[in-house]
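Inspection log for the structure reproduced underneath, given as structure tokens.
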Amino acid sequence: MEHLSAAELQNWIALYAAAGLCCALALIMSLGFITVELCRERTWETVTTPRNLLRLIPKTWWRWQKLYLLSTPVTLAIVSAFAMTLSWP
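Numbering (my numbering) for the sequence shown: 229 to 317.
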């Protein structure tokens, strides 16, 4: 098995850092958006029993997951475009 050259290793580290940064931004933006949605809907007013709370938690989780996963194509496009700018030996 061949080892990576120093330039290749730096490129892979840069790609992982870029992907991590894009995912962190997507996380922050999706959390902000779901928070705004829940505040506009005044979701806490519907929680009157423990059973309603147990229903709200997975429902909110699913809504947040859908928002977060919508960033996948954008993240792939950004990281792919960044990878094309790197010089690969």
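C-beta atoms are modelled at their ideal positions from N, C-alpha and C, and glycine is treated no differently. Only a predicted model underlies this, so the values are computations on that prediction, with no experimental measurement involved.
- Between the C-alpha atoms of residue 254 and residue 296 there is a straight-line separation of about 6 Å.
- In this structure, residue 242 sits near residue 314, with a CB-CB distance shorter than 9 Å.
- Taking all protein chains shown into account, residue 250 has 16 or more neighbouring C-beta atoms within 10 Å of its C-beta and is therefore buried.
- By alpha-carbon distance to residue 298, the top candidate from 258, 267 and 245 is 258.
- By the Cβ-count criterion, residue 302 is exposed, with fewer than 16 other Cβ atoms from all chains shown falling within 10 Å of its own Cβ.
- The shortest C-alpha to C-alpha distance from residue 311 to any of 247, 233, 231 and 281 is the one to 247.
- A residue is called buried when at least 16 other Cβ atoms come within 10 angstroms of its Cβ; residue 264 does not meet this threshold and is exposed.
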